[in-house]
Amino acid sequence: MSDAIRLAGIEKSFGAVRANRGADLQVARGEVHALVGENGAGKSTLMRILSGLYPADAGIIEVDGRDVTGWSTSDAIAAGVGMVHQHFMLVPTLTVAENVMLGSEITKGPVLDRAAAEQRVRDLGARTGLVVAPDRLVADLSVGEAQRVEILKTLYRGARILILDEPTAVLSPPEVQELWNVLRALRAEGGTVVLITHKLDEVIEVSDTITVMRQGATVARIPREGATPQSIARAMVGRDVVLARDFEFSGTSAGRGVASTPLLNVQNLLVSGARRTAVVDRVNFSVAPGEILGVAGVEGNGQTELIEAIAGLREAEGSISLGGLDLRPLDVRHRGDAGLSHIPEDRHERGLVLDYSIADNLILGQQHRFTSGVTIDVARVLAHAEERIRAYDIRPADPATPARSLSGGNQQKIVVAREMARDFKVLLASQPTRGVDVGAIELIHARLREARDQGKAILLVSADLAEVLALADRVAVMYGGRFVALLLRAEATPELLGQFMTGAEHAA
Amino acid sequence: MSVLDFLSQTLRIAVPFLLAAAGGVLSERAGLIALGLEGYMLGGAFCAAAVSFASGSPWLGVSAALVGGAVLALVYAVGTIRFRGDQVVIGIAINLLAVGLTRFFLRLFFGSSSNSPRVPGFGGTGTGFLALAYNPLVWIGVIVLPTLGWILYRTPFGLRVRAVGEHPAAAASVGVPVTRVRYIAVAFSGMLAALGGAYLALDQHQFTDGMTAGRGFIALAATIFGRWNPKGAGLACLLFAAAETLQIRLQGTHAIPSQFVEMIPYVLTIVALAGVVGRSVPPAALGKPSTE
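These protein sequence lines map, in sequence, to chains A and B.
First residue of the first sequence? That's 1 in our numbering, and the numbers climb one at a time after it.
First residue of the second sequence? That's 509 in our numbering, and the numbers climb one at a time after it.
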């Protein structure tokens, strides 16, 4: 019997980034197959290629033994391949039944047959356990219910191969258990499920086979029997790669700076997300001068909200103080003036105005320091730009070049160069080297260490465990909005942190 | 004056609002701002008058209005959907274009800068319900919003329109042809508004320069005040028409300056948008270029 899915030698590049490099995947019919790997390992890209959303640059795609290379999303839907995206594709103002039938409506004459559609939703629900009231508005559903509607949509269209992209990232533990029951029911009916995830306990719990991806390529295919979180984590992170990335702690010894009073002090920080859930759940910590506190964790566990709350971009309860000064009443600009610098996690969304020149981007947020009278002092802006471009080796070295035309690494260097130019005491560095090349990573890491050695306090958030381990003096692990571990660097091993990150172990 | 007179006059004034507001609801529910309603109406009024005059048939005039409205609406659709232009800018341009074109052709056909000669209408003179009953456009005006409601909430096309105006990416992901749905919605919105214009021209038996006098904007206000659903928009049209009737009736009494009454639609719309009477949530994709 042929496999349900066979992908071989898939290549896919976005500009200079090679998302998939010779990736392979084999999924047998009637199994739950986990596709795991770190952020940016190319899992989602590979599945989008399978579901027809992106064309592959090279490689072969076979479904049920048929070569379907280069097909479209509608071909994939017709062939029974359905994908549930990480970001739901639901129309909030329509009912559950309307969302499910949209595009393949059931009609009675010229009119929608709402009753029949609702009955179909109920039948599918009874068969699979995906129970949602079909006449409710999607806007009123919980995240877990919305996800059920997404799966119902694919089943309504006859999906026999279901791809789920990080389905549990938004679910509460009981909802996760319900989802597993649904997936098991689908498998019992002969359905095939591909589950993209980076939570290892889940992988062990539901999947029959595990494929591990790293840096765009498939590095391991493991049957569930005999797989442990440790063995999967080892395959995901790749010990050799980690060693090559300066895994050894190169800072000064832990414990330094403990005697001095903390520069950044955060107590009882509470950030509420949608639906009144605590995204950051009463977090306490402080960062001393000359210290880097690294926050490790799987993305989406509250790191973004933590940083944004401290930076003043998000409402929060609790206390945030910088060198004894209460930051809570201050807005973003005045927090900056008080000595807070912020490298935002997404340089395109927050860090840069892409159509502005390098020079203008280098004064963004500090423009009030570059004025003469009511106008901007162009000569000073230019001098500042030239100095920063030299110090950070930004290429091209032309201050007038729009930021949009630079590579990701050089764009990131603009952001770092700008934030380091402030007269700051505390630096929030969020994913400071995401998607940048090795050379830029080295330079940015060196600058962060320099700042630390000058007595600045740095809060580093990174989804890249190797980065946290390479830079931090102390390591916190964030899971479910809380700090579940706070360790000295010397105590923090990747294995231990990995267990905290996946929620396998809870301690504080 | 009787209550009946008041009601019939209100209906007479409401018909062009109802027709244009139906176009407004349809266009905006598909995600395209209906700023061009005024222009479609004016274009429709001119086409109706010119063809009715030339052919002697008001029915041919109405057909011409449908074509004229659809053409103007498609110009807007091509600009905003195909070329992803700013909907506000192109909507305003459509209105200015309609003013210029009707003025140009008014001079070319009728040698006048102010009005056309008398054109045949649908009969039924005077005021009162009996006179209105002779005019098929009145009947269309009465049923247009209930019909639109039926289409939007009961048919597959309506479901797709609502999905496209709210979350086009989701609609596209299940194979709904987002662009085609939007073109169709905009073309019909142009035709509906043009019918409103045709009603004005045929009711007054002539085209006068700029005769829509802001009625398209009142219809847009009704669309918004009615929270983008046909029932609400219909009630808003009737309310605005009643206010205008009242203003006409009060003329000469100097009880309230007429300008204040004329402001009612716009003031109410601002009040509605400010959230005073419940939250007013526009279609989420309104004004955004298609993502397909």
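For each residue, glycine too, the CB sits at the ideal point set by N, CA and C.
Legend entry - Same chain, Cβ closer than 6 Å to F285/A, neighbours up to 5 away in sequence not counted: On the first sequence, position 285 is the one that residue 285/A refers to. Correct list, in chain order: V266.
Inset, instruction - Return the residue from the list L540/B, G576/B, L545/B, G608/B that minimises the CA-CA distance to G587/B. - result: The residue given as residue 587/B occupies position 79 in the second sequence. It is L540/B whose Cα lies nearest to the Cα of G587/B.
Legend entry - Reduced DSSP category for K12/A - H, G, I as helix; E, B as strand; rest coil: By one-based count along the first sequence, residue 12/A stands at place 12. Note: K12/A maps to strand in three-state DSSP.
Legend entry - V475/A: first and last residue of the uninterrupted beta strand (DSSP E) it sits in: The sequence position of residue 475/A within the first sequence is 475, counting from 1. Looking at the DSSP string, the run of the beta strand (DSSP E) that includes V475/A is 474-479.
Inset, instruction - Starting from H713/B, find everything on chain A with Cβ-Cβ shorter than 9 Å and list it in chain order. - result: Residue 713/B sits at position 205 when you count from the first residue of the second sequence. Neighbours of H713/B on chain A: none; closest Cβ ~38 Å, over 9 Å.
Inset, instruction - Sort out for me which residues DSSP pairs I292/A with in a bridge. - result: Locating residue 292/A in the first sequence gives position 292, where the first residue counts as 1. DSSP lists I458/A as partners of I292/A.
Inset, instruction - Give me whichever residues DSSP pairs with K108/A in a beta bridge. - result: Taking the first residue of the first sequence as position 1, residue 108/A is located at position 108. According to DSSP, which records beta bridges pairwise, K108/A is partnered with V111/A.
Inset, instruction - Pick helix, strand or coil for F285/A, following the three-state DSSP scheme. - result: Along the first sequence, read from residue 1 onward, the residue named residue 285/A stands at position 285. F285/A falls in the strand class under three-state DSSP.
Inset, instruction - Alpha carbon to alpha carbon, how far is F525/B from F591/B? Give it in angstroms, no decimals. - result: Here residue 591/B refers to the residue found at position 83 of the second sequence. Here residue 525/B refers to the residue found at position 17 of the second sequence. Distance between the alpha carbons of F591/B and F525/B: 30 Å.
Inset, instruction - Consult DSSP for Q303/A and reduce its assignment to one of helix, strand or coil. - result: Position 303 of the first sequence holds residue 303/A. DSSP places Q303/A in helix when its eight states are reduced to three.
Legend entry - For P223/A, the residue or residues it bridges with in DSSP: As a position in the first sequence, residue 223/A is number 223, starting the count at 1. T209/A, per the DSSP bridge assignment.
Inset, instruction - Report yes or no: do three or more beta-carbon pairs, one from the region 212-232 of chain A and one from the region 15-34 of chain A, lie closer than 8 Å? - result: yes
Inset, instruction - Closer than 6 Å by C-beta to L609/B: which residues in its own chain qualify, once you throw out the five before and the five after it? Chain order, please. - result: Position 101 of the second sequence holds residue 609/B. Taken in chain order, the list of residues that qualify is empty.
Legend entry - The alpha helix (DSSP H) enclosing V793/B, as first and last residue numbers: For the purposes of this step, residue 793/B is taken as residue 285 along the second sequence, with counting starting at 1. It should be pointed out that residue 793/B corresponds to Ala in this sequence rather than to Val. No alpha helix (DSSP H) contains A793/B, which DSSP labels as neither H nor E.
Legend entry - Neighbour list for P664/B in chain A, Cβ cutoff strictly below 8 Å: On the second sequence, position 156 is the one that residue 664/B refers to. Those are E105, T107, L112, listed as they occur along chain A.
Legend entry - Cβ pair S622/B, D513/B closer than 8 Å: In the second sequence, the residue the question calls residue 622/B occupies position 114. In the second sequence, the residue the question calls residue 513/B occupies position 5. Contact flag unset, no.
Inset, instruction - Could you spell out the range, first to last residue, of the beta strand (DSSP E) harbouring E315/A? - result: Position 315 of the first sequence, counting from 1, holds the residue named residue 315/A. E315/A -> no beta strand (DSSP E), and no H or E assigned at all.
Legend entry - Min CB distance E317/A to chain B below 8 Å: In the first sequence, the residue the question calls residue 317/A occupies position 317. Taking Cβ atoms only, chain B never reaches closer than 8 Å to E317/A, which makes this a no.
Inset, instruction - Pull up the distance between the alpha-carbon of G551/B and that of V689/B, whole angstroms please. - result: Indexing the second sequence from 1 puts residue 551/B at position 43. Indexing the second sequence from 1 puts residue 689/B at position 181. Looking at the two C-alpha atoms, the distance is approximately 24 Å.
Inset, instruction - Can you grab the Cα-Cα spacing for the pair A126/A / S207/A, in whole Å? - result: Within the first sequence, the letter at position 126 stands for residue 126/A. Within the first sequence, the letter at position 207 stands for residue 207/A. When rounded, the distance between both Cα atoms is 23 Å.
Legend entry - Neighbouring residues, chain B, relative to M89/A (Cβ below 7 Å): The residue labelled residue 89/A in the question sits at position 89 within the first sequence. What M89/A touches in chain B: A677, A678, S681.
Inset, instruction - Whole angstroms is fine: what's the gap from D240/A's alpha carbon to Q230/A's? - result: As a working mapping, residue 240/A is identified with position 240 in the first sequence. As a working mapping, residue 230/A is identified with position 230 in the first sequence. Low confidence applies to D240/A: its pLDDT is 39, below 50, so where it sits in the model is not reliable, and the reading given next is rough at best. Using only the alpha carbons, I get a separation of about 15 Å.
Inset, instruction - Determine the contact status of I602/B and G531/B, defining contact as a CB-CB distance below 8 Å. - result: Locating residue 602/B in the second sequence gives position 94, where the first residue counts as 1. Locating residue 531/B in the second sequence gives position 23, where the first residue counts as 1. No, the Cβ-Cβ distance between I602/B and G531/B is not below 8 Å.
Inset, instruction - Report yes if the C-beta distance between G302/A and M478/A is below 8 Å; otherwise report no. - result: Start at 1 with the first residue of the first sequence, and residue 302/A comes out as number 302. Start at 1 with the first residue of the first sequence, and residue 478/A comes out as number 478. Yes. Within cutoff.
Legend entry - Identity of the residue in Y691/B, L708/B, R520/B, L667/B nearest C555/B by Cα: Along the second sequence, read from residue 1 onward, the residue named residue 555/B stands at position 47. Checked all of Y691/B, L708/B, R520/B, L667/B; the closest Cα to C555/B is L708/B.
Inset, instruction - Please name the residue or residues paired with M83/A in a DSSP beta bridge. - result: Counting from 1 along the first sequence, the entry for residue 83/A is found at position 83. According to DSSP, which records beta bridges pairwise, M83/A is partnered with I163/A.
Legend entry - Where the alpha helix (DSSP H) through W535/B begins and ends: Counting from 1 along the second sequence, the entry for residue 535/B is found at position 27. Per the sequence presented here, residue 535/B reads as Ser, with Trp not at that position. Unbroken alpha helix (DSSP H) run through S535/B: 511-537.
Legend entry - Endpoints, beta strand (DSSP E) assigned at L195/A: On the first sequence, position 195 is the one that residue 195/A refers to. Unbroken beta strand (DSSP E) run through L195/A: 192-197.
Inset, instruction - Check the Cβ-Cβ distances between E98/A and every residue of chain B, and say whether any is below 8 Å. - result: Here residue 98/A is taken as the residue at index 98 of the first sequence, counted from 1. Yes, E98/A counts as interfacial toward chain B.
Inset, instruction - Check distances from the C-beta atoms of the region 30-47 of chain A to those of chain B and list, in chain order, the residues that come in under 7 Å. - result: none
Legend entry - Proximal residues to T73/A (C-beta, below 8 Å), its chain only, five neighbours per side dropped: The residue labelled residue 73/A in the question sits at position 73 within the first sequence. So the list reads S51, G52, L53, once near-sequence residues are dropped.
Legend entry - Residue nearest to L746/B in terms of C-alpha spacing, selected from G629/B, L703/B, A727/B: By 1-based counting over the second sequence, the position of residue 746/B is 238. The candidate whose alpha carbon is nearest that of L746/B is A727/B.
Inset, instruction - Could you pull out every unbroken beta strand (DSSP E) segment of at least 3 residues lying fully inside the region 550-633 of chain B, listed in chain order? - result: none
Inset, instruction - Following the continuous alpha helix (DSSP H) through H384/A, name the residue where it begins and the one where it ends. - result: What you label residue 384/A is simply residue 384 of the first sequence in a count that begins at 1. Note, H384/A: alpha helix (DSSP H), 378-392.
Inset, instruction - State yes or no: is the beta carbon of T93/A nearer than 8 Å to at least one beta carbon in chain B? - result: The residue labelled residue 93/A in the question sits at position 93 within the first sequence. True, the Cβ-Cβ gap to chain B drops below 8 Å.
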